[in-house]
Each structure stands twice: as structure tokens, then as C-alpha cells.
Amino acid sequence: MPAVAVTEAFPVTDPRCLTDVVTDVPTPGPRDLLVEVAAVSVNPIDTKMRRRAAAAVAAGEQPVLGYDAAGTVVAVGSGVVGFAVGDTVFYAGSQLRPGTNSRFHAVDERIVGRAPSSIPVVDAASLPLTALTAWEALFERLGIGLDSGVASGAQNPASLLVVGGAGGVPSIMIQLARALTGLTVIATAGREESREWVTRMGAHHVLDHKKELAGQVAALQKPVADGGTGVPPVRYVFTSQSGGRSGDLAALMAPASHLCLTDDPESFELGAFKRKSISVHWESMFTKVIFGDGDAGDATVDPASQGRILDRIADLVDAGRIVPTTGETLAGMNAESLVAAHRDLEAGHVTGKIVVRV
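Taking the UniProt record's numbering, the leading residue of the sequence shown gets 1, the next gets one more, and so forth.
Now the structure itself:
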């Protein structure tokens with residue numbers, strides 16, 4: 001089958017950084033689905049794994065990258081109970097298995113959801129990894145009350161600040177927070193295009209990403225009579241761009257609030273948060289697959305919880321409460337398209353998600 005792999009360690013500026021290859025169609029194992037891939041989307045983790053592939057290439061391997069995928073089930077392994085041949089599915093894959101940048105892909109049914117029926121399958125591919133990350137960050141790491149509105153109720157109003165609001169995870173997080181909580185949602189954006197995007201995603205207020213944030217939040221928090229908007233205290237912050245921001249974030253956050261990161265900053269001053277007793281959390285949606293023991297009673301280690309989350313995401317899409325975040329669609333599951341996607345991501349000016357259709 002056709003696939004796209006890393007065969008030599010080149011920078012993204014070299015078109016040989018990804019290569020078209022032919023590999024065997026995988027055989028589905030126990031609880032596996034074999035999916036004919038219709039589309040994938042590209043995430044920052046894809047570019048990170050490509051850059052880290054030098055050792056694997058030196059050892060003679062040809063890693064196939066990719067996580068997000070949507071497509072049709074064409075075969076099932078033993079013990080599969082939730083899906084059948086012909087089902088249209090979407091999922092975010094695993095770091096423990098070959099990636100989705102191939103014509104067919106084998107995946108554990110527990111981390112798979114039924115794709116939304118109201119949108120094209122190409123758009124469904126934009127959702128899994130970012131939706132899982134946003135969901136887990138909001139409702140598991142930050143501990144925001146799902147569907148309750150308690151976090152911003154009359155007795156304890158609160159705001160959520162989403163840094164870098166036009167990115168893939170933030171674009172879904174803004175929508176989930178608006179659909180499932182009563183929080184006031186504040187997002188940052190650095191370009192006019194990004195401001196328009198995060199407003200369309202549902203942000204109540206948009207800050208200038210290129211300027212100090214604490215002063216802008218303070219201005220919003222002023223009473224209306226004093227030229228502000230009276231927004232509630234910022235009790236929750238999400239960022240995938242934390243480098244150099246610890247002091248700024250600590251200054252704008254309320255005491256005993258919560259910060260969630262997904263990135264790997266070279267340095268991050270945790271001491272800035274101690275005085276306010278701010279809790280700092282990291283989120284990786286791969287944790288459950290890597291460390292999960294299958295205990296369905298503990299959502300923190302149960303890979304099947306991700307399948308359930310994706311089913312909930314599909315329901316929200318079909319109900320019109322959230323929308324896919326496709327920002328750009330490239331044609332052709334081949335090295336040329338995927339190199340272009342990696343190059344755009346590494347340039348850092350992508351709005352929404354880049355989807356590659358077969």
C-alpha cells in the first residue's frame with residue numbers, strides 16, 4: 001500500500017524530509033480495526049516526531065508518521081465489539097504504533113469514535129487529537145465542571161484564558177468551553193485573521209497575543225463604568241505557547257487558580273505561581289494509551305475513555321454546537337502534500353487545522 005515515511009533525516013526545507021514508500025497492508029490484531037484512510041490532519045507533534053526520527057532512520061527504520069485520521073472500517077480483528085465493516089470512524093492514533101500517513105491503518109477500537117454524520121469525512125479528520133486534548137485539559141486537568149456551569153455560576157464567576165486561540169487545540173477548546181460550561185472565554189490572537197477566527201470559534205474577548213497579557217486582562221476586568229467589561233477573575237488558563245510567559249500569566253491569574261500546558265518550554269519558572277497557590281498541569285492525550293491499564297473505572301488510565309469522548313464530540317458536531325476547525329485542505333496523501341503541511345506548521349502561522357485528503 002502507499003504510505004509516506006521518513007527515510008532520511010532532512011530539515012523541512014528539503015523536500016526529501018518525507019518520502020513516498022510502499023509498505024504492507026497491516027493485519028488487524030485483537031480489538032483492532034483496519035481503516036481505509038480518507039483523510040488525515042497534521043499536528044505540531046507530527047513535525048516534532050519527524051525531527052526526532054534521525055536515530056530510527058540511522059537504525060534502518062522508515063517511520064510512518066501521523067495521528068489524526070478519518071475513514072472507513074474495512075476489516076476487524078478478534079474481540080471487536082463496538083464497530084463493524086463499513087463504519088465511518090475518526091481517531092487520533094497512538095505513539096506506540098505506525099502512523100496514519102498510509103492508505104490503510106490498524107488502530108485499537110477503544111480509542112476510535114464514530115465520525116460525525118453531518119460533515120464531510122475530510123473535516124472529521126481535523127478533530128480527534130485536538131478535541132481529545134482540549135476535552136482532557138478542560139474537564140480532567142483543569143477540573144472544570146462538565147455541563148454544570150458551576151465554574152462561572154452566580155456565586156463563583158470565572159474566566160478561561162486560551163493563549164494562542166487560533167491554533168488547533170485552542171480552536172476546539174474555545175468551542176467546548178462555550179458549549180459545555182458557563183465560563184467567560186478570553187483568547188489571544190496576533191493577526192487580524194486570527195482575531196476573526198477566534199471570534200468565530202466563540203471567544204467573548206480577544207487579547208493582542210504580541211503584547212503583555214496581564215495589563216489587557218486588568219483592563220477587561222475594570223467595571224463597565226470605568227471603561228472595562230467587568231469580566232470575572234481568570235481562574236483557568238490553557239497554553240501551548242508557555243515559553244517566556246510565566247510571570248505574565250502568574251500576574252493575571254486569580255489565587256488558587258489552574259494553569260494547563262501542552263508544550264515543552266526550554267524553561268518555565270514555576271516559582272512565579274507559588275505565591276498565589278496556582279496549580280500547574282500538563283496534558284498529553286497520549287498518556288492514556290501509553291500508560292493505561294484498561295481499568296474502566298478510572299478515566300485517567302482508561303484508553304476507552306477516548307473513544308467515548310470522540311463519540312461525545314461527534315454528537316456535539318451533529319447537534320451544531322461545535323464545528324470542525326479545518327483551516328486548509330491539501331489534495332493527495334503523498335510526500336509533497338505532507339511536506340507542505342509540515343512546512344506551514346513549522347512556520348507558525350497556521351489558523352485552524354491542515355487536512356490532507358486522499
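Glycine included, C-beta positions come from ideal geometry on N, C-alpha and C.
Limits of the unbroken beta strand (DSSP E) element including residue i
i, result
"Val280", "279 to 282"
"Lys353", "353 to 357"
"Leu161", "159 to 163"
"Val339", "Taken as a continuous stretch (DSSP letters only), Val339 belongs to no beta strand (DSSP E), being part of the alpha helix (DSSP H) at 335 to 347."
Nearest-angstrom Cα separation, counted from residue j out to residue i
i, j, result
"Val185", "Phe238", "11 Å"
"Glu336", "Asp68", "18 Å"
"Gly113", "Val122", "15 Å"
"Thr187", "Ala75", "The amino acid occupying residue 187 in the given sequence is Ala; Thr does not appear at that position. One C-alpha to the other measures close to 43 Å."
"Glu36", "Asp108", "14 Å"
"Gly228", "Leu252", "15 Å"
"Lys210", "Gly167", "15 Å"
"Lys274", "Asp208", "26 Å"
"Ser257", "Val80", "42 Å"
"residue 384", "Ser171", "What is shown of the chain runs 1 to 358, which leaves residue 384 out entirely."
"Arg103", "Leu34", "10 Å"
"Leu161", "Gly66", "29 Å"
"Gly243", "Thr27", "42 Å"
"Ala53", "Gln221", "46 Å"
"Gly215", "Ser194", "21 Å"
"Arg16", "Arg51", "13 Å"
"Val234", "Arg97", "39 Å"
CA nearest to the CA of residue i, picked from the options
i, options, result
"Pro44", "Gly227, Val356, Glu346, Ser171", "Glu346"
"Val57", "Gln221, Ala5, Gly167", "Ala5"
"Thr133", "Met333, Gly190, Ile309", "Ile309"
"Gln180", "Thr19, Ser284, Pro2, Val317", "It should be noted that the sequence gives Leu, not Gln, for residue 180. For the residues Thr19, Ser284, Pro2, Val317, the minimum Cα distance to Leu180 belongs to Val317."
"Val231", "Gly244, Val206, Glu212", "Val206"
"Arg343", "Asp311, Glu283, Lys48, Val73", "Lys48"
"Asp87", "Thr100, Gly71, Leu213", "Gly71"
"Gly82", "Ala341, Asp311, Arg321", "Asp311"
"Ala131", "Arg97, Ala177, Val356", "Ala177"
"Pro120", "Leu142, Val40, Gln62, Glu269", "Val40"
"Leu129", "Ala341, Asp46, Pro11", "Asp46"
"Gly60", "Val355, Ala254, Thr351, Glu8", "Glu8"
Under 7 Å between C-beta atoms of residue i and residue j
i, j, result
"Ala38", "Val323", "no"
"Thr325", "Lys353", "yes"
"Gln306", "Ile111", "yes"
"Pro116", "Ala314", "yes"
"Ser118", "Val289", "no"
"Val25", "Ala3", "no"
"Gln241", "Val163", "yes"
"Ala272", "Gly247", "yes"
"Val73", "Val85", "yes"
"Asp32", "Ala106", "yes"
"Ala158", "Leu142", "no"
"Val350", "Ala125", "no"
Residue i, buried or exposed, once every other Cβ within 10 Å from all chains shown has been counted against 16
i, result
"Trp197", "buried"
"Trp135", "buried"
"Ser78", "exposed"
"Leu127", "buried"
"Val224", "exposed"
"Glu283", "buried"
"Thr262", "buried"
"Val339", "buried"
"Asp226", "exposed"
"Phe291", "exposed"
"residue 362", "A query on residue 362 cannot be resolved here, the shown segment of the chain reaching from 1 to 358 and no further."
"Ala189", "buried"
"Gly153", "Confidence is the limiting factor: at Gly153 the pLDDT is only 45, short of 50, which leaves the residue's position unreliable and the question unanswerable from this model."
Extent of the continuous alpha helix (DSSP H) run through residue i
i, result
"Ser246", "246 to 252"
"Ile290", "287 to 291"
"Pro44", "44 to 51"
"Ala189", "Not the alpha helix (DSSP H): Ala189 falls in the beta strand (DSSP E), residues 184 to 189."
The ligand SAM heavy atom lying under 6 Å from the CB of residue i
i, result
"Ser267", "With respect to the ligand SAM, the structure offers nothing, as it holds no ligand at all."
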